[in-house]
Structures are given as structure tokens and as C-alpha cells.
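J.: Dropping a structure here in C-alpha cells format, bear with me for questions.
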Amino acid sequence: LPRPKTYTFINLQMEDEHLIKAIFEKLKGLKFKVKTFIDMATDEEHFTPIIRHEVKKLTIDNLKDLLELRKVEGRLVTERTVAETLRMQRCYGIFENGKLVSVAHTYVRLPEIWVVGGVYTRPEYRGRGYATSVTSAVTRDAVQSGAVAMLHVAEDNPAYRIYERIGYREIARKKWIIVQ
Numbered sequence: 017l018p019r020p021k022t023y024t025f026i027n028l029q030m031e032d033e034h035l036i037k038a039i040f041e042k043l044k045g046l047k048f049k050v051k052t053f054i055d056m057a058t059d060e061e062h063f064t065p066i067i068r069h070e071v072k073k074l075t076i077d078n079l080k081d082l083l084e085l086r087k088v089e090g091r092l093v094t095e096r097t098v099a100e101t102l103r104m105q106r107c108y109g110i111f112e113n114g115k116l117v118s119v120a121h122t123y124v125r126l127p128e129i130w131v132v133g134g135v136y137t138r139p140e141y142r143g144r145g146y147a148t149s150v151t152s153a154v155t156r157d158a159v160q161s162g163a164v165a166m167l168h169v170a171e172d173n174p175a176y177r178i179y180e181r182i183g184y185r186e187i188a189r190k191k192w193i194i195v196q
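To convert a position in the sequence shown, counted from 1, into the numbering used here, add 16.
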């Protein structure tokens, strides 16, 4: 398994050029990059689910499956944090031959808004529409509850097209500084 990487994220929600220059000055000598992330949202009216696979709602019984998948992804996770996700959030996955190969879940579930994320498909299973199916399943639950579903995605991530296809629309662009 790949060694998890740790990063510090700084979300720039301002356009103050002097402040941004000051931040960059403080980061001199550190390895960092600036990326644009796009906030997207959909609601019941605009959502168009595409679920072409058998998608399973994950429970605490799937703890080991999700923990293993997150480690393959390179995330620094513990059994406790994965258990908390499974207990507190909505989580869907796709299994192939007993192995969890794709997942999406919520990070936040409020009456008005659900934040969707954690979308990941094992590299050898990509290109089959699995991410579309699991993201659609989580989003379906969000909009059926009366909430708006929201997510954010890196500008250069091909998943942007998936999200657009199922009804997400861009609502904001934000610069993030990612410090390694």
C-alpha cells in the first residue's frame, strides 16, 4: 500500500492581493502548489441520477472494506474515523468479487444541505461508471430529503464531467494552497 501523504490546505476566499503575497512570502522554502477547486450543487429539480450498477448502502459491517479502500487511496485514516463515517454519514459502495471498488459518502448532512465527497474508485476499476453510480446514490438521498447536494472538485479532475452529467452546476471557484 502507498504511504499516506499529509498536507496542509489553505483555502483562499479573498482576493486581497497584499494578503496573498504575504502568505506566499511565509511559504518560501516549502513545497506547495495552488489549485483551483470548484464548488458545485444540485437539487431535486436538476438532479438526473445515473445508476447502472448494483450500489450498496454501506454500514458498520463494511468497516474493514472501507478502511482498506481508503488506505489503497493513500489516505491517512484510522479504524475510528472510518467507523464514524459509516455511523454518522450516508455512504454507498460498489463491490466486485467481494472487494469494495468504488465509494462515495457525505461529509455533512443538515436539513438544508448535504456535502458529498470521498468519491474514489480503485484505478483498475475506473472508466466503468462506478463513480457516477455511487455519487448518484448519495445525491439521490440528499435531494429526496429536501436538501441541496453540494460538493467540491479540483478544476483539473475529470470527475467534474460526471458531476455535471448528473445535474450538479458550478456555484463558485476557489483557490487553495496545498502545502506538503
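Glycine included, every Cβ here is placed at the ideal spot set by N, Cα and C. From a predicted model like this one, the values you see are computed outputs, not experimental measurements.
1. Between the beta-carbon of Thr155 and the beta-carbon of Thr58, is there less than 8 Å?
2. Can you check whether the CB of Val50 is closer than 8 Å to the CB of Lys191?
3. So, under 8 Å CB-CB, Val120 and Val135 are touching, yes? Tell me the CB distance rounded to an integer number of Å.
4. Between the segment 81-88 and the segment 105-124, are three or more C-beta pairs nearer than 8 Å?
5. Please work out which residues of its chain come closer than 6 Å, Cβ to Cβ, to Thr148, disregarding the five sequence neighbours upstream and downstream, and give them in chain order.
6. Considering only DSSP beta bridges, list what Ile129 is partnered with.
7. Hey, which unbroken runs of the beta strand (DSSP E) at 3 residues or more fall wholly within the segment 109-157?
8. Short check: CB of Val159 to CB of Glu128, under 8 Å?
9. Any idea what DSSP makes of Lys37, helix, strand or coil?
T.: Let me lay it out:
1. Cβ atoms of Thr155 and Thr58: closer than 8 Å.
2. If you check the CB distance, Lys191 and Val50 come in under 8 Å.
3. The sequence shown places Ala at residue 120, not Val. Ala120 to Val135, Cβ: 4 Å. Contact.
4. The answer is yes - the segment 105-124 touches the segment 81-88, with three or more Cβ pairs under 8 Å.
5. The beta carbon of Thr148 sits closer than 6 Å to the beta carbons of Ile66 and Ile178 from its chain, once the five residues preceding and following it are set aside; these are given in chain order.
6. Val164
7. Within the segment 109-157, the complete beta strand (DSSP E) runs of at least 3 residues are 115-125 and 129-137.
8. no
9. helix
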